[in-house]
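Novice:
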Amino acid sequence: MGRRLWILLFIAGLLQVACEAKRPPSVLIVAVDSLPFHASLCTGDGEEEHSGFRTLCNESIRFTHAMTTSPLSVPALTSIMTGLYPFQHEVRANGGPGLSPHFRTFAESALGRGYRTSFFSGGAPLWRRTGLHQGFEIFDDNLNISAGRLFRPFSESRRLFENWLFQEVEDRAFVSVIYVPDLNFTDTVTETNNGEIRSLSYDSQLEELDETLGELFGVLKKSNRWNDTFISVVGLNGREISPRSGEIEPLLLNSENTQVSLFMKATNKPRDEAMKWTIDRNVTLADLGRTFFEITGGSFPATTHDSFPVHSLKAGLLGKRPDWPVNRPLLIESAWSQWQGVGGVRAAVLRDYTLLLNDQTPLAYNTLTDRLETSPSPPSAADQDLLAAMKSAGYRPWEKPDASFRAIFQIPALNWLSPARAPAWHRQLVSLSEKSDADPRVLRWAAQSSLEQKDWQNLARIGKQMRSPLWTAVAERNLGKKAALNDSCLNLIGRKSPTNEQTKACNDELFLSLYAWVRADQENDPGKEAARRRFLKSWEISQQDLRILKGNAGLGLIWLPSAAESVLPNRTSLALALPEMRKFSP
């Protein structure tokens, strides 16, 4: 019996080796928000057993000068999927039109060649409507935010990927992308493998990411998928080290926000020594797309631009000398201000050590001698061809949004995301609202925070500034003053028998569900409990929407345009703040 078992194991091993030899290389991309090159991922003291970054530092190629194509996640990832710059694939922002079916992704090419394909999104802004579902058999963007969480942690996406790998892929080659937004959410509690609670910080989220990568890599190694899989862990954008005067992070094109971490683990035979080195030549995320087209056996689309060529990185991955030019110009853009309706598209070019920003007054940085990029100079005569190249690609000199619009971005993200920081958040908003040129966004959010903090004096003042009599009236009633509401919906509350015309004049569904409960309670209707439950269900949805708006504002309006905030504060919240309505407050 023992001899037969050894024979079976020997045959199984031969079959496994044969499958690996015949199987085309697989591709796994872990695309991470806010993962800059300066995160020092290869200098830490992480435990070998649990550290994914330590594994990458020991067994992969690290590109030290990798640049995103855009600090906005959707355009950047679209560049990885298509091998094109944003001005070519036409996905310029995190919202709006998604990728047109006219463009072919490397996932589509791989699917046509028999690969299994999947995409697991950690949440906004990587939804199906971005068009990036093209070529993926499974595009999982299902996210439950009912528990107050605005993203799906990498640990959960990792388990979904592993379940798919073992249940659906079997022995075939695969292409899979996991989008990881975790590093944006410093308000989220994480635990070490020993069950210890980490502090709330960017570093704690980075440690959690490191451990989860380590667990993922361990599974791939145990399942004999490590050696024949190209693995890329890549930052889609960087992270502002400290606020730059007059800058907004989604528009920042300096290196701390655009030079990203990029690890590429190539395939190798089981007994081969792992490849480990660094490549210091400038590369762009669009190069990854071209590389993955080549790795999966597809043909790269012919679309190109003479001034901004895209190159495959495959030679570097195979240990050969990089075959792309040292002085190749790389293009970076942010269309955030265009998306938000406050300006045009900002562009920059990196060539060698020169970073040139195509602003109204162009700025040039020497990234070799001015590592922190704090001392810009006018462009030299040698830089004029770069300005001309940007113009030929459709870029025009960019002008900053007004200072009054930029002011609200001074508030730290954690103050928006953490309920414990609500008092500090409110103080900052009130301070900004007191300025004579306060932006309407500031006033809306200051009104919302005043309502939440029951700061009736400031709500009354802000209502007058914003010319919103309803805000002022609600505040004055809470201050013991008489004030007419003059609102077609709120006026229903004081009427014992409103007419059909008066009821129809209110078309606010959330408020009407509250009003149905109020009427049922006043009349002691047997259905009042059912009316209460219906309202509370609608109310919880509205609170989820509010959490999303706060998260969006705290992260720099990277999910939704500012126009989505025009509903603040909503009518039902104002109604529930009235003294006579306190018994109905959820």
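Just so we're aligned: the sequence shown equals residues 5 to 590 in this note's numbering.
By construction, the Cβ of each residue, glycine as well, lies at the ideal position given by its N, Cα and C atoms.
In this text, all values refer to a predicted model and were calculated from it rather than measured experimentally.
Does DSSP classify Ala368 as helix, strand or coil?
Specialist: strand
Novice: So, using beta-carbon positions, are Leu289 and Val238 closer together than 9 Å?
Specialist: Result yes, Cβ atoms of Leu289 and Val238 sit closer than 9 Å.
Novice: Can you name the start and end residues of the beta strand (DSSP E) that Leu361 belongs to?
Specialist: 358 to 361
Novice: Since Pro35 sits in a beta bridge, which residues does DSSP pair it with?
Specialist: The amino acid at residue 35 is misidentified as Pro; the sequence shows Ala. Answer by DSSP bridge pairing, in chain order: Tyr183, Val238.
Novice: Identify whether Leu130 lies in helix, strand or coil by the three-state DSSP scheme.
Specialist: coil
Novice: Alpha carbon to alpha carbon, how far is Tyr89 from His106? Give it in angstroms, no decimals.
Specialist: C-alpha of His106 to C-alpha of Tyr89: approximately 15 Å in a straight line.
Novice: From Leu334 to Asn258, what distance separates their C-alpha atoms?
Specialist: Pairing Leu334 with Asn258, the inter-Cα distance amounts to about 13 Å.
Novice: Since Thr233 and Ser30 should fall inside the 8 Å C-beta cutoff, what is the C-beta to C-beta distance between them, to a whole number of angstroms?
Specialist: 4 Å
Novice: Put Trp402 into one of helix, strand or coil per three-state DSSP.
Specialist: strand
Novice: Just the C-alpha distance for Gln20 and Thr86, rounded to the nearest angstrom, thanks.
Specialist: Caution is warranted here: a pLDDT of 48 is assigned to Gln20, below 50, making its placement in the model unreliable, and no coordinate value can be reported.
Novice: Taking 7 Å as the limit between beta carbons, can you name the residues of its chain near Val223, skipping five residues before and five after?
Specialist: Glu166
Novice: Helix, strand or coil for Pro254, going by three-state DSSP, please let me know.
Specialist: helix
Novice: Under 8 Å by Cβ, that's how I've got Gly56 and Thr216 pegged, so tell me the actual separation to the nearest angstrom.
Specialist: Gly56 to Thr216, Cβ: 7 Å. Contact.
Novice: So, helix, strand or coil for Asp1, using DSSP?
Specialist: With the chain running from 5 to 590 in the structure shown, residue 1 is simply not present.
Novice: Roughly how many angstroms lie between the CA atoms of Asn231 and Ala351, to the nearest whole one?
Specialist: 39 Å
Novice: Among the candidates Arg163, Leu418, Pro444, whose CA atom is the shortest distance from the CA of Asp406?
Specialist: Pro444
Novice: Looking at Pro75 and Glu219, is the spacing between their C-beta atoms short of 9 Å?
Specialist: no
Novice: Can you list, in chain order, the stretches of the beta strand (DSSP E) that have 3 or more residues and sit fully within the segment 271 to 328?
Specialist: Positions of the beta strand (DSSP E) runs, each at least 3 residues long and wholly inside the segment 271 to 328, are given as 281 to 283 in order along the chain.
Novice: Please return the same chain residues whose Cβ sits closer than 7 Å to the Cβ of Ala80, not counting the five positions on each side in sequence.
Specialist: Thr72, Thr73, Ser74, Leu240, Asn241, Leu289
Novice: When we look at the beta-carbon of Ala4 and count the other beta-carbons within 10 Å, is it buried (16 or more) or exposed?
Specialist: The structure shown does not extend to residue 4, since the chain is modelled only from 5 to 590, so the question has no answer here.
Novice: Could you check where the alpha helix (DSSP H) with Ser546 kicks off and where it finishes?
Specialist: 532 to 558
Novice: Using 8 Å for Cβ pairs, my map puts Ser589 next to Leu580. What's the rounded Cβ distance?
Specialist: About 5 Å; that satisfies the 8 Å criterion.
Novice: How would you call Asp145, buried or exposed, if buried means at least 16 neighbouring beta carbons within 10 angstroms?
Specialist: Buried: at least 16 other Cβ atoms inside 10 Å.
Novice: In this structure, what does DSSP give as the bridge partners for Ala351?
Specialist: Glu337
Novice: How do the segment 120 to 138 and the segment 168 to 176 stand: do at least 3 beta-carbon pairs fall below 8 Å, yes or no?
Specialist: yes
Novice: Are Gln364 and Glu337 closer than 9 Å when you measure CB to CB?
Specialist: At least 9 Å separates the beta-carbon of Gln364 from that of Glu337.
Novice: Could you please give me the residues that DSSP links to Met71 through a beta bridge?
Specialist: Gln263, Thr288
Novice: Counting along the chain, where does the alpha helix (DSSP H) carrying Phe221 start and finish?
Specialist: Unbroken alpha helix (DSSP H) run through Phe221: 206 to 226.
Novice: Look up Ile497 in the DSSP assignment and say whether it is helix, strand or coil.
Specialist: Reduced to three states, the DSSP call for Ile497 is coil.
Novice: Under the rule that 16 or more other beta-carbon atoms within 10 Å means buried, what is Arg96, buried or exposed?
Specialist: Buried, by the Cβ-count rule.
Novice: Classify Pro632 as buried or exposed, calling it buried when 16 or more other Cβ atoms lie within 10 Å of its own Cβ.
Specialist: The displayed coordinates of the chain run from 5 to 590. Any statement about residue 632 would go beyond what the structure contains.
Novice: Could you compute how far the alpha carbon of Ile15 sits from the alpha carbon of Leu255?
Specialist: Residue placement at Ile15 is poorly supported in this model, since its pLDDT is 44, which falls under 50; the coordinates still yield a value, given next. Approximately 58 Å between the Cα atoms of the pair.
Novice: Out of curiosity, what's the CA-to-CA distance linking Cys23 and Thr300?
Specialist: Low per-residue confidence applies at Cys23: pLDDT is 47, beneath 50, and the placement is therefore not dependable enough to give any value.
Novice: Counting pairs of Cβ atoms below 8 Å between the segment 474 to 484 and the segment 495 to 513, do you hit three or more?
Specialist: no
Novice: Using only CA atoms, which one of Gly99, Arg248, Thr262 lies nearest to Phe41?
Specialist: Relative to the Cα of Phe41, the nearest Cα in the group Gly99, Arg248, Thr262 belongs to Thr262.
Novice: Secondary structure at Pro157, three-state DSSP: helix, strand or coil?
Specialist: coil
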